């Protein structure tokens, strides 16, 4: 009687080697203008966590997670530098291996016209599909060519009901992006409108505007992209 030898083959799941993960850990943005950013001055910092590379999702020179913008999906930078095969280390993109197979990736971007209201996401493509982190949308960015005036919401009034000749109201206006205004004059002016619809000019705020102009002249639109 012949003995039969049976060979069994088992395919081990790649998930046993790790669970691919990319996660937005931290988001920090400075805002000099109310809830907006000034070009060249403010910045945004995004910090991601990634781990779990396996046979399907690899941490290689051309297979590591990358940061892209949406909806165009333009490449910004990658966790692994494709030129060296090591953690990316640049002025705006920094990768750190915190333990074997675990990485922190930081993106530090100075505000400019390209980041204004832009959206970015980190993605990791593999055999099993594409993984994504949470999306992040940047603040609106003011550049030197823009101007904007608005009434500050926190104005003071001495009483709920005012007595003529005694009580007062203090209004505060935020003036952004005043740029290259001639001293002779085309500066913002303050008016009040009476109930009959007639406009009355109160004063010229040229002195304040010229101060604002000198402040904003130090900022120039950034030409660099993401």
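In the working numbering, the protein residues as written are 4 to 229. Glycine is no exception: its CB is placed at the ideal position from the N, C-alpha and C atoms. Only a predicted model underlies this, so the values are computations on that prediction, with no experimental measurement involved.
Practice task
Put residue 23 into one of helix, strand or coil per three-state DSSP.
Solution key: coil
Handout entry: Alpha carbon of residue 46 to alpha carbon of residue 110, nearest angstrom
Key = 10 angstroms
Practice task
Work out the CA separation of residue 80 and residue 22 for me, nearest whole Å.
Solution key: 23 angstroms
Practice task
Going by CA-CA distance only, name the one from 131, 137 and 139 that's closest to residue 58.
Solution key: 131
Exercise for the section: Decide yes or no for the touch test of the region 101-108 against the region 126-141: beta carbon pairs closer than 8 angstroms, at least 3 of them. Expected result: No, because fewer than three Cβ pairs between the region 101-108 and the region 126-141 fall closer than 8 angstroms, the two stretches do not touch.
Problem - Inter-residue Cα distance where the pair is residue 86 and residue 126 - result: 19 angstroms
Practice task
Please report the residue range of the beta strand (DSSP E) in which residue 98 lies.
Solution key: Run containing residue 98: 96-102, per the beta strand (DSSP E) assignment.
Handout entry: Where residue 53 falls: helix, strand or coil (DSSP)
Key = strand
Handout entry: Whole-number beta carbon distance between residue 146 and residue 116, since they are thought to touch under 8 angstroms
Key = 5 angstroms
Exercise for the section: Take the Cβ of residue 41 as the centre, count every other Cβ of all protein chains shown within 10 Å, and call the residue buried at 16 or more, exposed below. Expected result: buried
Problem - Local conformation of residue 42 per DSSP, three classes - result: coil
Problem - Reduced DSSP category for residue 2 - H, G, I as helix; E, B as strand; rest coil - result: The shown model of the chain, from 4 to 229, leaves out residue 2, and the question about it has no answer.
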